[in-house]
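Numbering (our numbering), first residue to last: 9 to 91.
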């Protein structure tokens, strides 16, 4: 089953619900597979527990630190390239 791991700062549940819906919609549109086979795993960190470019990411940062890994077992290469 394809899934996406997202490491990010702590977010409100409503934000994760919106993000989940949009990412699932994008997955289904780009692969032609139903969205219900797509899983998303959020790994949240506290403010100041991630760094980018040698600087801690905190509330004052311009951008939050995000790290995403997409697992797509058993999908053909041509389908993966659409994601």
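Don't be surprised by glycine CBs; every beta carbon is placed ideally from N, CA and C.
Worksheet entry | Inter-residue Cα distance where the pair is residue 19 and residue 33 | Locating residue 19 in the chain shown gives position 11, where the first residue counts as 1. Locating residue 33 in the chain shown gives position 25, where the first residue counts as 1. Cα-Cα distance, rounded: 20 Å.
Discussion item. Along the chain, where does the beta strand (DSSP E) containing residue 78 start, and where does it finish?
Written reply: Within the chain shown, residue 78 is the residue found at index 70, counting from 1. Where residue 78 is concerned, the enclosing beta strand (DSSP E) stretches over 75-79.
Fill in: Under the three-state DSSP convention, the category residue 44 falls into
As a working note, residue 44 is residue 36 in the chain shown. Helix.
Worksheet item: Comparing alpha-carbon positions, which option in 13, 54 and 87 lies nearest residue 67?
Response: Mapped onto the chain shown, residue 67 falls at position 59. For residue 67, the nearest C-alpha among the options comes from 54.
Worksheet item: Name the DSSP bridge partner or partners of residue 25?
Response: Locating residue 25 in the chain shown gives position 17, where the first residue counts as 1. For residue 25, which the question treats as bridged, DSSP gives no partner whatsoever.
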